[in-house]
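Colleague:
Numbering (our numbering), first residue to last: 7 to 97.
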């Protein structure tokens, strides 16, 4: 799910900004992984219920479903890139 969504987002920006967009995308990806690990670890360590492992997995599954729902809202096509000046337009 991550690769297609990154491609859609990055293709919406000009080539001179691709470095910044790539870095931001990787940072957000790492933040999400860290946040998920922290949430699951907190639930497991807190041992608030008898079934702490199941609660941690259910929480992560809910987060994954929210991510999937958001991913389905991404556009299915990338925007057309403008032709360089002097070149004929692309179909």
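We put the beta carbon where it would ideally sit given N, CA and C, even for glycine.
(1) Suppose the cutoff is 8 Å on Cβ atoms and the five residues either side in sequence are ignored; what does the same chain contact list for residue 81 look like?
(2) In whole angstroms, give me the CA-to-CA distance for residue 78 and residue 67.
(3) Helix or strand or just coil, what does DSSP make of residue 80?
(4) Closer than 8 Å by C-beta to residue 31: which residues in its own chain qualify, once you throw out the five before and the five after it? Chain order, please.
(5) Are residue 50 and residue 69 touching if we call contact CB-CB under 8 Å?
(6) Using the three-state DSSP reduction, which class does residue 20 fall into: helix, strand or coil?
(7) Straight-line CA distance for residue 35 to residue 64?
Modeller: With the given structure in hand:
(1) 14
(2) 17 Å
(3) coil
(4) 12, 15, 16
(5) no
(6) coil
(7) 21 Å
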